[in-house]
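Residue numbers (the working numbering): 717 to 1407.
Structure follows, in structure tokens:
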């Protein structure tokens, strides 16, 4: 045609031949997702074929599964190109003979480039590739498949692949979404994890992890969960994927089926096996849980129920092979290889009633439990009874006469709720007899706690810092659906709380909205038998949370937690948060910790979009105690039409490591590491013109 032809967001240059309503052919043509008149990047091909694949037929996806869009149509337009050169700034930078892609894909072959340099991994070059384009196969709608080829000069070459899917239909069932991620290398270096763990020999030369998570709605009341998690050795995640190690759930291998019934019921049938013998985990072969929550009985009573039965096999973590790790490795008191039937039923009956001014809920609950093996190798049965009273007294005071432009007040309403709960529990068996078939902590917390015993307490953990004891004092056993059924002990507690809100109206005249000005909550626990339950102190677990929203963009915040027994945790923090959507966030705060660990931490974080072309990110943590500098990062991102480029500097004082980073990624990626400012992703350009 001799005229540039654009089809969201791909532009194809002459000459173009329309062979049918759905098919276009361009010989010796160029294709780009750029919207500029003179694009800075494009794909030059001998032949480009465009196909509009909107049709009411089923796609065949991976493994032969059927994939349908919500309407039954596939909506993507496909492009096929042969003998392709990729040009950047007019220069050819890559050649590949084939390309199959959706027209809304912004890049050609490479989806991300990173360069880093630090003292732990050396020079690092990381390339992410679009495998659909590399292999020349049609992409399945709702999926993204990438290949990672990484080089770390002090460690070696690494390969990985990531496959994400969000499918409206899978294999005749309902919507399904999930992710498969694998990454590994033959490691030539030593682990440097900070503090007293440096130059450690890995437990395996071939290192990596394989993770798969899947969730599918089989019908409106049935769903299937699947998970696979293999890790090569105990320190791999902490060394290579520290954020994943610190923040995400444990990597496990399990299969779960859930059926939801009318009347607040759910049946959960699942099984779990342990693949990673360096972590303490329970195998369930299998287990069934039945929940029946909030069921009315007559016109007065409310019933809650959780029953479970399964065969559990608790396997404890193996001893580390590196001497530095082994010297500070110690199993916790509850960690002992055990197996057997676990059968538990926990029931609660409550009688809620409203006096007109306050709400009262007396309740009784009971549990019957059986374990095939306890810490002594014997079977154990346990009966537990609990009874108590929950109360709530709400109050409100409205003062429309309160007006202040200085404090941004247009009327003021004070809402306060006085909450209390007093309960007594008696059980026939002591918690110390049981292994934790249902764990409390994640693997990363257990890993840290083993070293804490030696570094802070000289090899013997005081009972007040045992995770089981903390869960008991917090009253985990009050809940019918408690995550760890073993956590039960004799208790006499009274819990008190004052929860307050001050609210006003904000916004333009005629369109005001209710907004919180101040939130202030205070809670505490009174222990009726302090010598038995709280190390001689009547009060404990005192905490508060304070928020003052000066405006819609500025908040002053503070919180604290205090245990009153010797060396109990005393934590106080306060700071300021400034937020401007699509512009940036800034937080600065100070945290004071006393107790088993002491620190005085000044923390600052910033994400800020300076203008249309540049954004900055940064963070810093400094301890005014013995540690000093904890770590600092700074990064500058160039926002291009279709790509993001960042240069960054990081200082990790704990590992004595300084890193320099260069990163390059398309702006269109559904999950971006560079393009988030002010809590929101930088919007893509191309579909509707330049931003």
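Glycine included, C-beta positions come from ideal geometry on N, C-alpha and C.
Contacts around residue 825, its chain only, beta-carbon distance under 8 Å, and the 5 residues preceding and following it disregarded: 802, 810, 812, 815, 845, 846, 849, 850
Contacts around residue 903, its chain only, beta-carbon distance under 7 Å, and the 5 residues preceding and following it disregarded: 871, 872, 918, 921, 923
The alpha helix (DSSP H) enclosing residue 803, as first and last residue numbers: It is not in any alpha helix (DSSP H) - residue 803 instead sits in the beta strand (DSSP E) that spans 793 to 804.
Counted within 10 angstroms of its Cβ, other Cβ atoms place residue 1017 as buried (16 or more) or exposed: exposed
Three CB pairs or more closer than 8 Å across the segment 1168 to 1178 and the segment 1186 to 1196: no
Three-way DSSP call (helix, strand, coil) for residue 1039 in this model: helix
Limits of the unbroken alpha helix (DSSP H) element including residue 1005: Run containing residue 1005: none in the alpha helix (DSSP H); it sits in the beta strand (DSSP E), 997 to 1013.
Assigned secondary structure, residue 994 (DSSP; H/G/I helix, E/B strand, else coil): coil
Assigned secondary structure, residue 1163 (DSSP; H/G/I helix, E/B strand, else coil): helix
Proximity test, residue 915 beta-carbon vs the ligand ATP heavy atom, cut-off 7 Å: You won't find the ligand ATP in this model; it holds no ligand whatsoever.
Short CB-CB distance (under 8 Å) between residue 1275 and chain D: Absent from the structure: chain D. Only one protein chain is present.
Cβ neighbour criterion (16 or more within 10 Å) applied to residue 1368: buried
Proximal residues to residue 962 (C-beta, below 7 Å), its chain only, five neighbours per side dropped: 1160
According to DSSP, residues forming a beta bridge with residue 1371: For residue 1371, which the question treats as bridged, DSSP gives no partner whatsoever.
Residue 1256 and residue 1237 closer than 8 Å at C-beta: no
Residue range of the unbroken alpha helix (DSSP H) whose run includes residue 813: Element bounds for residue 813: not the alpha helix (DSSP H) but the beta strand (DSSP E), 807 to 818.
Whole-number beta carbon distance between residue 1061 and residue 1083, since they are thought to touch under 8 Å: 7 Å
Reference residue 956, options 898, 1095, 1278, closest by Cα: 898
Spatial neighbours of residue 1222 in its chain, beta-carbon cut-off 6 Å, leaving aside the 5 residues before and after: 1231
Assigned exposure category for residue 747 - 16 Cβ within 10 Å defines buried: buried
Presumed contact (8 Å Cβ cut-off) between residue 907 and residue 951, rounded CB distance: 5 Å
Those residues which DSSP pairs with residue 1234 across a bridge: 1218, 1264
For residue 955, the first and last residue of its enclosing alpha helix (DSSP H): 952 to 956
First through last residue of the beta strand (DSSP E) which encompasses residue 931: 922 to 935
Helix, strand or coil at residue 1155 according to DSSP, with G and I counted as helix: coil
Proximity winner among 932, 805, 1228, 766, relative to residue 793 (alpha-carbon distances): 766
Range covered by the beta strand (DSSP E) that runs through residue 1320: 1315 to 1325
Paired residues, beta bridge with residue 1301 - DSSP: 1295, 1323
Own chain partners of residue 735 with C-beta closer than 6 Å, once the 5 adjacent residues on each side are dropped: 741
Run of the beta strand (DSSP E) containing residue 1188, from where it starts to where it stops: Looking at the DSSP string, residue 1188 is not in any beta strand (DSSP E); the run it does join, the alpha helix (DSSP H), is 1183 to 1189.
Sufficient close CB pairs (3 or more, under 8 Å) joining the segment 942 to 950 to the segment 1130 to 1147: no
Under the three-state DSSP convention, the category residue 966 falls into: coil
Proximal residues to residue 1148 (C-beta, below 6 Å), its chain only, five neighbours per side dropped: none
Continuous alpha helix (DSSP H) stretch holding residue 1068: start and end: Looking at the DSSP string, residue 1068 is not in any alpha helix (DSSP H), and its letter there is neither H nor E.
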